[in-house]
Each structure stands twice: as structure tokens, then as C-alpha cells.
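Student: First residue of the sequence shown? That's 271 in this note's numbering, and the numbers climb one at a time after it. Ideal Cβ placement from N, Cα and C applies to all residues, glycine included. Computed from a predicted structure; not experimentally measured. Mind looking over this structure? Questions follow.
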Amino acid sequence: MNNSLTAPAALPLTSYRLVQSASPIECGLCGEPNGKNAERCRHCGAPLVLSQQLANPKNAPRILAVIGPPESGKTCWIGLWSDIMARRSGHDVYNTYGAFSVAIQHHVVGCLSRGWFPPATEEDPTTWFWLHGSTHHRKRRLQFVVPDIAGRAVTAAVEASGSQPLVAGLLQLCSAILLTLDGERLAAGDRAPDFWALKALHYLADLSGPQPPAVAKPLALVLTKVDRCEPARDFPDLWLPRLAPATFEYCRRRWKEWGMFCISVAAGAGFQRFGAHVRSFPTRVEPFGLEQPFRWVLDRLR
Ligand SMILES: Nc1nc2c(ncn2[C@@H]2O[C@H](COP(=O)(O)OP(=O)(O)O)[C@@H](O)[C@H]2O)c(=O)[nH]1
Ligand SMILES: [Mg+2]
Numbered sequence: 271m272n273n274s275l276t277a278p279a280a281l282p283l284t285s286y287r288l289v290q291s292a293s294p295i296e297c298g299l300c301g302e303p304n305g306k307n308a309e310r311c312r313h314c315g316a317p318l319v320l321s322q323q324l325a326n327p328k329n330a331p332r333i334l335a336v337i338g339p340p341e342s343g344k345t346c347w348i349g350l351w352s353d354i355m356a357r358r359s360g361h362d363v364y365n366t367y368g369a370f371s372v373a374i375q376h377h378v379v380g381c382l383s384r385g386w387f388p389p390a391t392e393e394d395p396t397t398w399f400w401l402h403g404s405t406h407h408r409k410r411r412l413q414f415v416v417p418d419i420a421g422r423a424v425t426a427a428v429e430a431s432g433s434q435p436l437v438a439g440l441l442q443l444c445s446a447i448l449l450t451l452d453g454e455r456l457a458a459g460d461r462a463p464d465f466w467a468l469k470a471l472h473y474l475a476d477l478s479g480p481q482p483p484a485v486a487k488p489l490a491l492v493l494t495k496v497d498r499c500e501p502a503r504d505f506p507d508l509w510l511p512r513l514a515p516a517t518f519e520y521c522r523r524r525w526k527e528w529g530m531f532c533i534s535v536a537a538g539a540g541f542q543r544f545g546a547h548v549r550s551f552p553t554r555v556e557p558f559g560l561e562q563p564f565r566w567v568l569d570r571l572r
């Protein structure tokens, strides 16, 4: 006879856990109820401390939405920019809130210092980085949040509005938009980044309400990887209209405040083959213009 079937078993009583979640915490971004000990929202993956602050109309940090197609250089830019900011001292000092805010800096600087670009951001929002920081700007301390939104998630939201409630929520709540256009691809004659940007701007304009008047949220058009299109480096106002004419024209007609910028995190990139897989690496890390677009949008926050 098998004794294990009849032997008495001691089961720990876990029903006390229900008491813990009897008063759930609602995510400020997607409204999902979460257990009170949860760190991140179980539905959208936003850090709960942050999403609750974002939902509070008084003193909510301002969301700066960095959007762009996959592989356009967003993660490298945000990570290295936060590293540059973290080196500030004196009256201009930059603060971060919560360990999660340092994660993107750690990740990007770690990868670049090992000689690689960071791996692509996954579509699953529970893996995204969130940066919550503050800086002294125009005689006041400004708190801001920069989520590292996956390009694929924005593409999905643009293609099927309603399919990405977190992305839609963030883009509706955000105070400014920083849109990345891949300078390397545009300089090579590929119009895809121009069309992606145009579709995203249509989506943003629809989110902001019926047409016209002009869309009021400050918009920074950021040409990335300018180490791969050198002539544009110092003349974004001249080159962006040439490289991305459709986006430029649409902004001119529909946007109230917008600016053009050029950035790069590296001075050239090489490629290494691993079987069927090709991986790129920076030949030299040399940040260029990473602060200007953020400073420009912060200047325009009311
Ligand atoms: N040459 C060059 N390549 C870059 C630069 N920034 C990013 N890249 C390349 O673009 C890829 C995607 O960068 P990433 O920041 O992950 O883009 P994301 O998908 O928009 O977040 C990297 O793996 C690099 O190959 C840059 O400043 N110069
Ligand atoms: Mg990314």
C-alpha cells in the first residue's frame, strides 16, 4: 500500500494574503488594482510609486515621452543623457528618485563600457526602464519622468489605436514629445523613419483632440546617429527638412512649438558576426548634443 496517499499533510494557511490585498492600490496609469506590496503594476508594468504620483494632479512629475521606431537610438540616448546629468554638481544638481531610476543609466553605461550597444527594448512593458528625476530649471525644481517606451509598442498603438492602453495613456498625459528619427537610415535614402514619424504625429494629433487648432505640446524632432550623417551634425534646421520632408511639412502645419536637433552617442559603429546574427558595437563612445533636446522641452513646460 502507498502510505504517501493517506499520510496527513500540513498545508500552510495562505488565506491571510487575501487580507493584504483587500484594499488594493490602483495603478495611476491603467487603473489596474494591485496588492499593496506590489512594486510594479501587474497589468502595465509601471512602477506603482510613480504611477500613483502621475495620477495626482497636484505636483505630478511631468512626463517627457521619447518615442521613435525600434532601433532608432532611444535607449542609448536616455541612458547616456542620465549619466551626463548625474555628473552635475552645485546649483544645477540632478536628482533621481527610486533605484529603478538608475537602472537605465547602469544598463546603458555598462553595455557601452563593455564595448557593445545595449540589446533592443522588448515590447513587454514590465521590462521597460523608467527614469524619475528632477533638475533645477529656470529658478524652479522640475520633476520629470522619462519612460523608455519600446518602439514596437508605439508602432502597435499607431497601427491599431486601443491596442496599447499604457502607451495611449502615457502619450495623452505627457507634457512634451521627443521624437527620434534614425539619421543613418535617412542619410542612406531610406524614407521609412520619415513615414513612421508622420504616422506617429497623426496619432498624437488625434489624441490631442479635434483639429485644428495647432497641437500645443512641445515637440523635439531628434535626428539620431549623426556620426553616420556627418554633414547634418551642426545644421539640423537645414538637414532635417531634406531628410524627412513629410514629417517637417506636417509639423509646420499642425504643431505650435517644435524644434530640430541632432544627437549621437558614438563616433562610428562596427559590426561583428556571430553565426547568422550580426551585432553592432560603438567604435568610440562620444556623446554629441544629448542634452539640448531635453533642455529645450524643459524650457517650454508651463
Ligand atoms: N552609429 C551609431 N549607432 C547608434 C547610435 N545610437 C544607437 N545606435 C545603433 O542603434 C541601435 C539601437 O539603439 P537603441 O538605443 O537600442 O534604439 P531603440 O530601439 O530606439 O531604443 C544600437 O544597437 C546601435 O546599433 C549612435 O549614436 N551612433
Ligand atoms: Mg530601446
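Less than 7 Å between the CB of residue 461 and some heavy atom of ligand 1, yes or no?
Tutor: As a position in the sequence shown, residue 461 is number 191, starting the count at 1. Answer for residue 461: no, Cβ out of range of ligand 1.
Student: Going by alpha carbons, who is nearest to residue 450 out of 337, 300 and 513?
Tutor: Residue mapping note: residue 450 aligns to position 180 of the sequence shown, counting from 1. For residue 450, the nearest C-alpha among the options comes from 337.
Student: Flag this pair as yes or no: are the beta carbons of residue 378 and residue 345 separated by less than 8 Å?
Tutor: Reading the sequence shown from its first residue, position 108 is the one you call residue 378. Reading the sequence shown from its first residue, position 75 is the one you call residue 345. Their beta carbons are under 8 Å apart, which means residue 378 touches residue 345 by this criterion.
Student: Is residue 348 helix, strand or coil by DSSP?
Tutor: Here the question's residue 348 lines up with position 78 in the sequence shown. Helix.
Student: Among 384, 389, 343 and 401, which residue has its Cα nearest to the Cα of residue 368?
Tutor: For the purposes of this step, residue 368 is identified with residue 98 of the sequence shown, where counting begins at 1. Comparing Cα-Cα distances from residue 368 to each of 384, 389, 343 and 401, the minimum goes to 401.
Student: What do you reckon, are the CB atoms on residue 473 and residue 416 nearer than 8 Å?
Tutor: Against the sequence shown, residue 473 aligns to sequence position 203. Against the sequence shown, residue 416 aligns to sequence position 146. Taking 8 Å as the Cβ cut-off, residue 473 and residue 416 do not qualify as a contacting pair.
Student: Is residue 387 close to ligand 1? I mean its beta-carbon at under 7 Å from any heavy atom of the ligand.
Tutor: The residue given as residue 387 occupies position 117 in the sequence shown. Residue 387 Cβ: within cutoff of ligand 1.
Student: Tell me the rounded alpha-carbon separation between residue 518 and residue 295.
Tutor: The sequence position of residue 518 within the sequence shown is 248, counting from 1. The sequence position of residue 295 within the sequence shown is 25, counting from 1. In a straight line, the C-alpha of residue 518 is about 43 Å away from that of residue 295.
Student: Given this structure, state the Cα-to-Cα distance separating residue 293 from residue 301, to the nearest angstrom.
Tutor: The residue given as residue 293 occupies position 23 in the sequence shown. The residue given as residue 301 occupies position 31 in the sequence shown. Roughly 14 Å separates the two Cα atoms.
Student: When you compare only the Cα positions, how much space is there between residue 309 and residue 392?
Tutor: Residue numbering aside, residue 309 sits at position 39 when the sequence shown is read from its first letter. Residue numbering aside, residue 392 sits at position 122 when the sequence shown is read from its first letter. When rounded, the distance between both Cα atoms is 20 Å.
Student: Does the beta carbon of residue 495 fall short of 7 Å from some heavy atom of ligand 1?
Tutor: Here residue 495 corresponds to residue number 225 of the sequence shown, with the count starting at 1. At least one heavy atom of ligand 1 is nearer than 7 Å to the Cβ of residue 495, so yes.
Student: From what residue to what residue does the beta strand (DSSP E) around residue 448 run?
Tutor: Position 178 of the sequence shown, counting from 1, holds the residue named residue 448. 446 to 452 is the extent of the beta strand (DSSP E) around residue 448.
Student: Taking 7 Å as the line, does the beta carbon of residue 420 fall inside it for any heavy atom of ligand 2?
Tutor: The sequence position of residue 420 within the sequence shown is 150, counting from 1. Yes.
Student: Could you give the DSSP three-state label for residue 367: helix, strand or coil?
Tutor: In the sequence shown, counting from the first residue as 1, residue 367 sits at position 97. Coil at residue 367, not helix or strand.
Student: For residue 494, count neighbouring C-beta atoms within 10 Å of its own C-beta (all shown protein chains included) and say buried if the count is 16 or more, exposed if not.
Tutor: The residue labelled residue 494 in the question sits at position 224 within the sequence shown. The residue in question, residue 494, is buried, as its Cβ has 16 or more Cβ neighbours within 10 Å.
Student: Do you know how far the Cα of residue 320 is from the Cα of residue 411?
Tutor: The residue given as residue 411 occupies position 141 in the sequence shown. The residue given as residue 320 occupies position 50 in the sequence shown. One C-alpha to the other measures close to 18 Å.
Student: What does the Cβ neighbour count give for residue 362, buried or exposed, with the cut at 16 atoms within 10 Å?
Tutor: By 1-based counting over the sequence shown, the position of residue 362 is 92. It is exposed - the Cβ of residue 362 has fewer than 16 other Cβ atoms within 10 Å.
Student: Taking only heavy atoms of ligand 1 into account, decide whether any of them is closer than 7 Å to the Cβ of residue 450.
Tutor: Locating residue 450 in the sequence shown gives position 180, counting from the first residue. The answer is yes for residue 450.
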